[in-house]
Amino acid sequence: MECCRWTTAGTFLLVSLVLSSRTARSEEDRDSLWDAWGSWSECSRTCGGGASYSLRRCLSSKTCEGRNIRYRTCSNVDCPPEAGDFRAQQCSAHNDVKYQGQFYEWLPISNDPDNPCSLKCQARGTALVVELAPKVLDGTRCYTESLDMCISGLCQIVGCDHQLGSAVKEDNCGVCNGDGSTCRLVRGQYKSQLSANKLDDTVVAIPYGSRQVRLVLKGPDHLYLETKSLQGVNSENSLSTTGSFLVENSSIDFQKFPDKEILRISGPLTADFTIKIHYGGASESSVQFIFYQPIIHRWRETDFFPCSASCGGGYQLTSAECFDLRSNRMVADQYCHYYPENIKPKPKLQECNLDPCPASDGYKQIMPYDLYHPLPRWESTPWTACSSSCGGGIQSRSISCVEEDIQGHISPVEEWKCMYTPKMPVVQPCNIFDCPKWLAQEWSPCTVTCGQGLRYRVVLCLDHRGMHTGGCSPKTKPHVKEECIVSTPCYKLKEKLPVEAKLPWYKQAQEMEEGTAISEEPSFIPEAWSTCSVTCGVGSQVRLVKCQVLLSFSQSVADLPIDECEGPKPASQRACYSGPCSGEATEYAPEEPEFLYGSLQEFDELYDWEYEGFTECSESCGGGVQEAVVTCLNKQTRETADETLCVTSRRPPQLLKACSLDPCPPR
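In terms of mature numbering (1 follows the signal peptide of the UniProt record, and there is no 0), the sequence shown is residues -26 to -1, 1 to 641.
Structure below.
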């Protein structure tokens, strides 16, 4: 209620204003006939993020537009680890209430895609799942990996700024609305090296503050953890069973399967973690890992250095220091140079002490330069080349103090004139990142379904950023091909097949061995042989031989010119034998499928290639060559036979030897 009066001058004076206990209504509220918003309610939680509400009432006898309740988040501080899960607390509150005449210990059901804000719980040790309440308490998280919260039974979006309806999210480094510049992605693969003298080995060290850690082990071995807190306390966890548990206040999710193990840590880690492997079988294991590592060394700009002059105008500069965010202290610059993401701030320069010097002095106390004279400065030669291309090296340079006159001529001066700013270092470490390393991918399946075959794998050369590059030593490159044995025995098929499919089994294995895997090095890749040019007797087969290379980035194959491939080119034509023709001494009958196999086997046992001396030397002096003569022989009679009878045997390679090495006489 307002009490007012008019003055004789016609001026209206406000005598007093009695304020109600509620907040004064805004003009917008008056226009909409709403009362002012009331005070905020007590928060639904004391930690972990809760909800508070405020009410207002409609002052009109008619319906007011808008809502009469509003919400905001509150208590946005982390709960202590021993507090437990909020949804689990609500389920356990029903433990002392009988359900269908029986007491149960209730466990929470999280991440329900249909109704995340109902209280569904499962009785421990049973498959019984019951909705114990249609709504969870306000402030309960809708999903375990989200800040979204349930309010009045509805899932409300919450940003990383803890504001309702906000779409702001954390970057991979855990910075709200960040740009991902405060951490770096680390990924790699570990391959176990079996040794009789070692029971375990280190897979990877993951530093304090890392996030989104994921490791997958495939093989018979077993993962376990070692941790070291910032206070230097060491501990170990064996990861013996599947489940979720706390290690150094970091939540760990571990899954154990017969042939693999999966470890997940959302982070941030509250200690330094070392992931180790315990050897548990005769075969090798591999571990793939990925995580985001915080950049703990960052540049920090200093304050301005003291002015270069006490009067008459001078300059002052800033610099940058490498700062350890964990220990909160300065460290050597090389730690900041380790991260390519770190860019050192450029120095800032400003004028200072511009007041004229007293007449009695007549000069500046530090440097006798006028306002327009450039300040002496440190000047450096370019850095020398690094002593090592990776793994840490040293480079040096020369530093001198110079000054520039008004005409722009530069000349060296005494070093004390540059001491207003720190002297630049003359030696620095360089290329301190790890050298490229070979990374072997998983083996392909065996190329055969029975007996002995081959298996292949891709081997990449990766740099310290995980990018495909060169520079790895060929001597240490893991092999890309190896033999494999499938325990299933091979049997010759008895059903009737076309003639060209009735090759002896050893011939099939021989052709399999001739196969070449496409690799990152240009190599000859032969295609499959064509069918025999005749249906009986001796014919020929052809195939296409290409020079190809595997492009690792796109995992595609590219054709190259033939001269790009080294080594002998595989044959593109060969003889083939399709069994005797009708009317010959041995007749092939389709109803006797074993006959062809036996015939080829007899030929193979009776005829074979052998070397029979050498040809005449190609030169009489000065150096020539002789070529070994290869003939087809009957093994029993040792007589020369027609070459077509040796088609089932592999022709030996061409042999050459030097001859007539004496120098030729002068002409």
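From the three backbone atoms N, C-alpha and C, an ideal C-beta is built for every residue, glycine too.
Spatial distance of residue i from residue j (CA atoms)
i	j	result
V454	R517	25 Å
A101	S18	31 Å
E389	S354	13 Å
P472	G553	Confidence at P472 is low in this model, with a pLDDT of 42, below 50, so the placement of that residue should be treated as unreliable; the coordinate-derived value is given next. Approximately 12 Å between the Cα atoms of the pair.
P342	L349	Confidence at P342 is low in this model, with a pLDDT of 39, below 50, so its placement is unreliable and the value that follows should be read with caution. Spanning the two alpha carbons is a distance of roughly 10 Å.
Q600	P627	14 Å
L524	Q205	50 Å
G99	C310	53 Å
P496	V432	14 Å
K94	M123	16 Å
Y313	P108	51 Å
E105	P90	11 Å
F77	V103	14 Å
T201	G154	26 Å
F219	T156	28 Å
S28	A10	10 Å
D233	W417	16 Å
G255	T421	25 Å
A483	C638	Note on A483: pLDDT 36, under 50, position unreliable in the model; no value is reported.
C65	Y117	16 Å
Own chain residues within Cβ distance below 6 Å of residue i, not counting five before or after
i	result
C550	C506, G513, Q515
P544	F498, P500, V519
E79	N69, R98
G541	none
G212	The amino acid at residue 212 is misidentified as Gly; the sequence shows Ser. Only Y198 meet the Cβ criterion.
Residue i vs residue j beta-carbon contact at 8 Å
i	j	result
H271	F297	yes
Y585	C606	no
E222	S240	no
G366	P403	yes
C392	R351	yes
D533	Q547	no
G24	G113	yes
residue 672	L197	No answer is possible for residue 672: it lies beyond the span of the chain, which begins at -26 and ends at 641.
A602	L629	yes
E315	I368	no
Y253	D174	yes
I373	V400	yes
R30	W8	yes
Delimiting residues of the beta strand (DSSP E) encompassing residue i
i	result
Q308	Not the beta strand (DSSP E): Q308 falls in the alpha helix (DSSP H), residues 308 to 311.
A414	411 to 414
H196	196 to 202
N69	Segment: none, N69 is in no beta strand (DSSP E) and carries neither H nor E.
S260	260 to 268
Q96	93 to 97
R46	43 to 48
I131	Counting along the chain, I131 falls outside any beta strand (DSSP E), and DSSP gives it neither H nor E.
M123	123 to 125
W14	Careful: W14 lies outside any beta strand (DSSP E) and carries neither H nor E.
G598	598 to 608
Nearest to residue i (by Cα), restricted to the options the options
i	options	result
C32	N42, H136, G24, A25	N42
H438	N405, S623, P452	N405
V149	R185, E119, M123, D307	R185
K250	P242, T244, C326, V261	V261
K631	C595, F588, D122, T611	F588
S447	Y117, G427, W412, V103	W412
V160	L629, S592, G440	G440
P55	C464, S26, C21	C21
I264	S218, L191, T358, R61	L191
S362	K397, L323, P332, F407	F407
R292	L299, S282, A359	Going by the sequence as given, residue 292 is Thr instead of Arg. It is S282 whose Cα lies nearest to the Cα of T292.
R238	C38, V187, P194	V187
E593	C555, A615, C633, T611	C633
I83	Q74, K72, A62	A62
T509	I492, C555, C464	C555
Neighbourhood of residue i by C-beta, 8 Å cutoff - its chain only, sequence neighbours within 5 removed
i	result
T443	P410, C435, L436, D437
E474	Its pLDDT being 38, under 50, E474 is placed unreliably in this model, and the coordinates cannot settle the point.
A294	W273, R274, E275, T276, K318, P319, P321
A141	I131, G133
V177	Y164, L189, L197, I249, K250, I251, V261, F263
Residue i beta carbon near the ligand GTP (any heavy atom closer than 7 Å)
i	result
C129	As far as ligands go, the structure on display features none, and thus does not contain the ligand GTP.
Same chain, Cβ closer than 7 Å to residue i, five either side skipped, listed in chain order
i	result
L243	I180, Y182, G183, S184, S224
K165	E258, S260, A414
E457	Q426, L428
Continuous alpha helix (DSSP H) stretch holding residue i: start and end
i	result
S370	Segment 367 to 370 is the beta strand (DSSP E) holding S370; no alpha helix (DSSP H) there.
F60	60 to 66
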